[in-house]
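These notes are about the structure you will find just below.
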Amino acid sequence: MSVSAGVPSARRTLPVATLASVRAQTAALLREHRGALIEVVGLHAIAAVAGLAAPFVVGRLVDEVTAGTAYESVDRQALWLAGAILAQTVLVWAARRSSFRLGERVFAQLREQFMTRVMALPLSTVERAGTGDLVSRTTNDVEALSHVVRFGIPSIFVAVVTLAITVAAAVATGWLVALPVVVGVPIIWLSTRRYLDRKSVV
Amino acid sequence: MRPLPYDHPGTPVLTSPMAFLGWVGRRQWRTLLGGVTFGVIWMVAQALIPATLAKAIDEGIIPGDTGALLRWSGALLGLAAVTALAGAARHQLAVANWLRAAFRSVQLIGWHSADTGEALPRDTPTGDVVATVASDSMRLGGAYDTTARFAGAIVSYIVVAVILLRASMPLGLLVLIGVPVLVGLLSFIVRPLQRRQAQQREESGRLIGLGADTVAGLRVLRGIGGETTFLARYAAQSQQVREVGYRVAGVQAALDAAQVLLPGIFVVLVTWLGARFAIDGRITPGQLVAFYGYSAFLVTPLRTATEFVDRLTRAHIGARKIIRVLKVEPDHVDHPDVVTPGATEPPADSALRDERSGVVVEPGQFLAVVSGRPEESAALADRLGRFGTDVEGVTLGGIPLTHLPLATVRRRILVSETDPRLFTGVLRDELDPWGAHSDEEILAALTIASGEDVLEALADGLDSEVEERGRSFSGGQRQRLALTRALLANAPILVLVEPTSAVDAHTEARIADRLATFRAGRTTVVMTASPLVLDRADRVLLLQDDAILAEGTHHELMHRRDGASAAYRAVVVRGADEEETR
Numbered sequence: 145m146s147v148s149a150g151v152p153s154a155r156r157t158l159p160v161a162t163l164a165s166v167r168a169q170t171a172a173l174l175r176e177h178r179g180a181l182i183e184v185v186g187l188h189a190i191a192a193v194a195g196l197a198a199p200f201v202v203g204r205l206v207d208e209v210t211a212g213t214a215y216e217s218v219d220r221q222a223l224w225l226a227g228a229i230l231a232q233t234v235l236v237w238a239a240r241r242s243s244f245r246l247g248e249r250v251f252a253q254l255r256e257q258f259m260t261r262v263m264a265l266p267l268s269t270v271e272r273a274g275t276g277d278l279v280s281r282t283t284n285d286v287e288a289l290s291h292v293v294r295f296g297i298p299s300i301f302v303a304v305v306t307l308a309i310t311v312a313a314a315v316a317t318g319w320l321v322a323l324p325v326v327v328g329v330p331i332i333w334l335s336t337r338r339y340l341d342r343k344s345v346v
Numbered sequence: 029m030r031p032l033p034y035d036h037p038g039t040p041v042l043t044s045p046m047a048f049l050g051w052v053g054r055r056q057w058r059t060l061l062g063g064v065t066f067g068v069i070w071m072v073a074q075a076l077i078p079a080t081l082a083k084a085i086d087e088g089i090i091p092g093d094t095g096a097l098l099r100w101s102g103a104l105l106g107l108a109a110v111t112a113l114a115g116a117a118r119h120q121l122a123v124a125n126w127l128r129a130a131f132r133s134v135q136l137i138g139w140h141s142a143d144t145g146e147a148l149p150r151d152t153p154t155g156d157v158v159a160t161v162a163s164d165s166m167r168l169g170g171a172y173d174t175t176a177r178f179a180g181a182i183v184s185y186i187v188v189a190v191i192l193l194r195a196s197m198p199l200g201l202l203v204l205i206g207v208p209v210l211v212g213l214l215s216f217i218v219r220p221l222q223r224r225q226a227q228q229r230e231e232s233g234r235l236i237g238l239g240a241d242t243v244a245g246l247r248v249l250r251g252i253g254g255e256t257t258f259l260a261r262y263a264a265q266s267q268q269v270r271e272v273g274y275r276v277a278g279v280q281a282a283l284d285a286a287q288v289l290l291p292g293i294f295v296v297l298v299t300w301l302g303a304r305f306a307i308d309g310r311i312t313p314g315q316l317v318a319f320y321g322y323s324a325f326l327v328t329p330l331r332t333a334t335e336f337v338d339r340l341t342r343a344h345i346g347a348r349k350i351i352r353v354l355k356v357e358p359d360h361v362d363h364p365d366v367v368t369p370g371a372t373e374p375p376a377d378s379a380l381r382d383e384r385s386g387v388v389v390e391p392g393q394f395l396a397v398v399s400g401r402p403e404e405s406a407a408l409a410d411r412l413g414r415f416g417t418d419v420e421g422v423t424l425g426g427i428p429l430t431h432l433p434l435a436t437v438r439r440r441i442l443v444s445e446t447d448p449r450l451f452t453g454v455l456r457d458e459l460d461p462w463g464a465h466s467d468e469e470i471l472a473a474l475t476i477a478s479g480e481d482v483l484e485a486l487a488d489g490l491d492s493e494v495e496e497r498g499r500s501f502s503g504g505q506r507q508r509l510a511l512t513r514a515l516l517a518n519a520p521i522l523v524l525v526e527p528t529s530a531v532d533a534h535t536e537a538r539i540a541d542r543l544a545t546f547r548a549g550r551t552t553v554v555m556t557a558s559p560l561v562l563d564r565a566d567r568v569l570l571l572q573d574d575a576i577l578a579e580g581t582h583h584e585l586m587h588r589r590d591g592a593s594a595a596y597r598a599v600v601v602r603g604a605d606e607e608e609t610r
């Protein structure tokens with residue numbers, strides 16, 4: 145009769161990092177990939193600016209049509225619009241491509257680093273943690289992180305740039321126009337808070 | 029809304045995947061209808077926004093009519109409020125639709141696998157059954173999730189069509205035909221993307237396998253110093269995954285860019301033509317804004333429609349797999365023309381008889397069955413308990429087991445296999461699943477199985493958690509816990525298959541003694557070749573080629589001088605030798 149595993153110890157997974165060490169690790173990661181990150185964010189920002197050209201041109205068209213204008217002017221505006229769309233297409237392509245690639249790089253780096261460290265851990269720690277915990281760390285957890293790199297960071301910057309230009313355009317048009325843009329902020333703030341509070345319970 | 033899980037998931041229609049999907053839909057028609065209603069309100073409210081904006085411009089801003097502007101602005105505010113509220117309700121109902129459908133099929137599979145028992149794993153790989161619960165049921169739910177948005181998309185497309193065609197026939201047609209063409213074009217990029225994604229999944233699956241192997245085999249790797257070699261292999265595969273990921277990145281970026289370019293070209297076309305029409309006075313400036321808005325808006329309902337088709341396809345595939353599992357027939361069903369519930373119950377002191385081998389299990393006896401081939405006695409145990417497909421010829425009190433209700437058979441005869449499965453949960457519940465016994469009774473049964481030491485080693489005693497398949501226990505510990513569980517069921521006829529094969533000789537002797545005392549007066553059959561157990565039995569049979577070769581007590585058979593008892597001794601002594609080496 146085997147005498148192993150006399151005590152079915154509660155499964156002890158590997159520890160989860162503290163917030164401080166997560167911050168430090170993230171900062172180090174950001175520093176390491178600073179160049180690529182600036183490229184990604186920059187491209188996304190310019191793409192967002194190009195994306196705002198369409199509503200701007202349509203606004204000008206309406207103004208011109210209302211004031212009375214000729215075909216030539218309308219054609220010229222349409223060309224501007226086409227140009228902006230082409231520029232946005234190229235920029236979006238470049239921006240997405242570089243952020244996806246950065247994501248893959250970070251993904252690979254993290255899982256390789258993780259595996260190297262696991263190999264150095266005491267055998268008992270690894271075996272106690274179980275295959276499931278370790279596998280989910282190299283897949284789900286790293287995937288979640290790289291998702292942030294691929295989609296999270298770019299979309300935050302796109303949102304910020306879009307928001308800034310929209311507010312600027314609204315203010316330039318007239319402060320009364322800018323007001324409704326701000327009206328929604330408390331509602332969004334409150335509902336986001338509520339969502340996050342509830343989500344953290346689950 | 030009724031809480032999940034359902035009391036009873038119902039009897040599904042299994043004729044075709046569509047019929048099954050329809051059946052699931054009818055079970056939850058209320059939430060489906062609710063979702064569709066709010067989905068339509070939500071989407072139509074959004075569809076009316078550009079038209080309302082056009083009115084505000086044409087009737088309010090351009091003529092400088094403040095009253096009209098305020099009215100139309102109020103209408104916009106109203107539409108926004110309706111969109112928000114209906115959107116929230118729609119989302120909630122969509123999630124309910126998804127979960128209800130998914131959990132109904134999960135429950136169906138759960139009930140059915142309990143009903144079919146061993147017929148299911150024999151017919152379908154366990155992994156496939158798990159997949160029907162983990163992924164196919166969720167996919168199935170996905171189709172019901174999208175119904176609300178899909179209904180909204182259809183209705184809003186019609187609403188927009190009417191608005192646009194009334195404003196301008198050529199521009200309206202351009203938008204209504206152009207947008208579907210656009211969405212169709214996008215699917216050309218989606219296909220290569222999916223192909224490359226599949227490739228990436230495959231590579232990363234390989235990587236995961238490599239990682240899991242290491243963790244499982246780290247002990248060996250350490251022993252032979254293979255860590256560096258392994259790490260190099262892992263890094264190479266990791267880079268391979270990155271390489272494929274780079275290729276996916278290119279296509280994915282192209283798809284994202286196409287989603288800007290194609291609608292963009294379209295917006296340019298509509299705005300340009302619209303502006304020209306507006307100069308001619310064929311449409312108003314407000315309508316120009318509306319056309320611009322619609323050329324962007326219509327992408328949403330069309331994407332929803334494509335998504336619905338996609339989800340429905342997945343749900344269809346999922347339904348087909350689920351049906352395959354649900355169609356597996358259980359080995360044993362009570363045929364109504366053969367079985368009359370309760371009426372034919374044999375008396376308590378009935379003998380259990382296997383016609384094929386001639387084995388008769390007398391009531392109240394401790395019978396031991398020995399066979400040179402353990403699978404032969406295991407097959408007998410299966411027959412005696414009406415398990416498996418080969419169940420003819422076994423009678424209880426003269427009545428064939430197949431003519432008795434299955435519930436009666438299960439209540440009166442309990443078969444405990446040689447490698448019984450322990451389940452996850454609190455140890456107490458695993459030993460006494462019906463909660464019929466006090467802790468003292470459980471401990472008493474555990475003592476009979478000589479499992480006191482198992483409990484002593486546990487920090488929380490009977491409150492300890494049993495891990496997956498009882499993995500944290502040794503084979504011998506598992507066997508004794510399973511024996512405890514079988515004893516606690518208090519079945520009138522207990523059939524044990526090699527119950528002590530994984531314990532040492534001292535423990536085995538102890539168990540044999542206590543078992544005989546505990547089961548005194550009740551019927552017990554033990555399939556074994558262990559002399560320690562055989563010695564305690566009232567009667568011993570040697571089974572060979574489905575026939576009784578020798579019969580008597582262990583003592584008699586060990587000392588009789590004939591060929592049959594010599595064969596008995598050969599089997600038993602071989603068993604004893606294995607005992608020594610264990």
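Line by line, the protein sequences give chains G and Z. Here the first sequence is numbered in this note's numbering, starting from 145 and rising by one per residue. Here the second sequence is numbered in this note's numbering, starting from 29 and rising by one per residue. All C-beta atoms in this analysis are idealised placements derived from N, C-alpha and C, irrespective of residue type, glycine included.
Should Phe-451(Z) go down as buried or exposed, given a rule of 16 or more other Cβ atoms within 10 Å for buried?
exposed
Contacting residues, own chain, Cβ-Cβ under 6 Å from Ala-82(Z) (five flanking each side not counted):
Gly-314, Gln-315, Val-317 and Ala-318
With DSSP as the reference, label Glu-493(Z) as helix, strand or coil.
strand
By Cβ distance below 7 Å, which residues in the same chain neighbour Thr-111(Z) in space, the five residues on each side in sequence not counted?
Trp-70, Ala-73 and Gln-74
Less than 6 Å between C-beta atoms, sequence neighbours within five positions excluded: which residues of the same chain meet that for Arg-177(Z)?
Gly-67 and Thr-332
Would you check if the distance between the CB atom of Val-243(Z) and the CB atom of Leu-278(G) is smaller than 8 Å?
yes
Within a Cβ cutoff of 6 Å, which residues of the same chain sit near Asp-410(Z), ignoring the five residues on either side of it in sequence?
Gly-416
Would you mind giving the Cβ-Cβ distance between Val-201(G) and Ile-307(Z), rounded to the nearest angstrom? I have them listed as a contact below 8 Å.
Wrong, their Cβ atoms sit about 16 Å apart, outside the cutoff.
Neighbouring residues, chain Z, relative to Arg-241(G) (Cβ below 7 Å):
Ala-277, Gly-278 and Ala-281
Let's see if you can read the secondary structure: which residues bound the beta strand (DSSP E) around Gly-580(Z)?
575–580
Tell me whether the region 490–504 of chain Z and the region 551–570 of chain Z touch, counting them as touching only if at least three CB pairs, one residue from each stretch, are closer than 8 Å.
no
Candidates Ser-385(Z), Leu-246(Z) and Ile-350(Z): closest to Leu-42(Z) by CA position:
Ile-350(Z)
May I ask you to check if the CB of Leu-412(Z) is nearer than 7 Å to at least one heavy atom of the ligand NAP?
This structure lacks the ligand NAP, and indeed carries no ligand of any kind.
Taking only beta-carbon positions, decide if Val-236(G) is within less than 8 Å of chain Z.
yes
Can you have a look at Val-147(G) and say buried or exposed, based on whether 16 or more other CB atoms are within 10 angstroms of its CB?
Interpretation of Val-147(G) is limited by its pLDDT of 35, a score under 50 that renders its predicted location unreliable; the figure taken from the coordinates is listed afterwards. Classification for Val-147(G): exposed.
Out of Glu-255(Z), Ile-236(Z) and Thr-256(Z), which has the shortest C-alpha to C-alpha gap to Gln-268(Z)?
Ile-236(Z)
Based on Cα-Cα distance, which residue from Ile-521(Z), Val-419(Z), Val-389(Z) and Ile-427(Z) lies nearest to Arg-567(Z)?
Val-389(Z)
Give me the DSSP bridge partner(s) of Gly-254(Z).
Beta-bridge pairing links Gly-254(Z) to no other residue.
Keeping to the same chain, check which residues put their C-beta closer than 8 Å to that of Ser-266(Z); ignore five residues upstream and five downstream.
Leu-235
Strictly below 9 Å CB to CB, what residues from chain Z border Ala-255(G)?
Checking the sequence shown, residue 255(G) turns out to be Arg, not Ala. Going along chain Z in sequence order, the residues near Arg-255(G) (Cβ under 9 Å) are Leu-235, Gly-239, Tyr-262, Ser-266 and Val-269.
Within the region 360–398 of chain Z, ranges of the alpha helix (DSSP H) (whole runs, at least 4 residues)
none
Around the Cβ of Asn-125(Z), are there at least 16 other Cβ atoms within 10 angstroms (buried) or fewer (exposed)?
buried
Continuous alpha helix (DSSP H) stretch holding Ser-141(Z): start and end:
94–144
For Gly-421(Z), name the three-state secondary structure that DSSP assigns.
coil
Measure from the C-beta of Val-321(G) to each C-beta in chain Z and report whether the shortest distance is under 8 Å.
no
I'd like to confirm the pairing. Which residues does DSSP put opposite Arg-567(Z) in its beta bridges?
Leu-395(Z)
Comparing C-alpha positions only, which one of Leu-522(Z), Leu-297(Z), Ser-478(Z) and Arg-54(Z) sits nearest to Gly-132(Z)?
First, the residue type needs correcting, since residue 132(Z) is Arg and not Gly in the sequence shown. Among Leu-522(Z), Leu-297(Z), Ser-478(Z) and Arg-54(Z), the Cα nearest to that of Arg-132(Z) is on Arg-54(Z).
Where Ser-299(G) falls, given that 16 or more other Cβ within 10 Å makes a residue buried
exposed
At a CB-CB cut-off below 7 Å, which residues of chain Z make contact with Glu-248(G)?
Arg-270, Gly-273, Tyr-274 and Ala-277
Comparing C-alpha positions only, which one of Gly-251(Z), Ala-592(Z), Val-134(Z) and Glu-403(Z) sits nearest to Leu-32(Z)?
Val-134(Z)
Within chain G, partners of Arg-304(Z) - CB distance below 7 Å:
Tyr-215 and Val-218
Spatial neighbours of Arg-456(Z) within its chain, please: C-beta separation below 6 Å, excluding the five flanking residues on both sides.
Leu-490
Bridge partners - Met-555(Z), DSSP secondary structure assignment
Val-397(Z) and Val-525(Z)
Cβ closer than 7 Å: which chain Z residues qualify as neighbours of Leu-289(G)?
Those within 7 Å of Leu-289(G) in chain Z number zero; the least Cβ separation is about 14 Å.
Buried or exposed: where does Val-361(Z) fall if 16 or more other Cβ atoms within 10 Å of its Cβ makes it buried?
exposed
Output yes if chain G places a C-beta closer than 8 Å to the C-beta of Arg-247(Z); else output no.
yes
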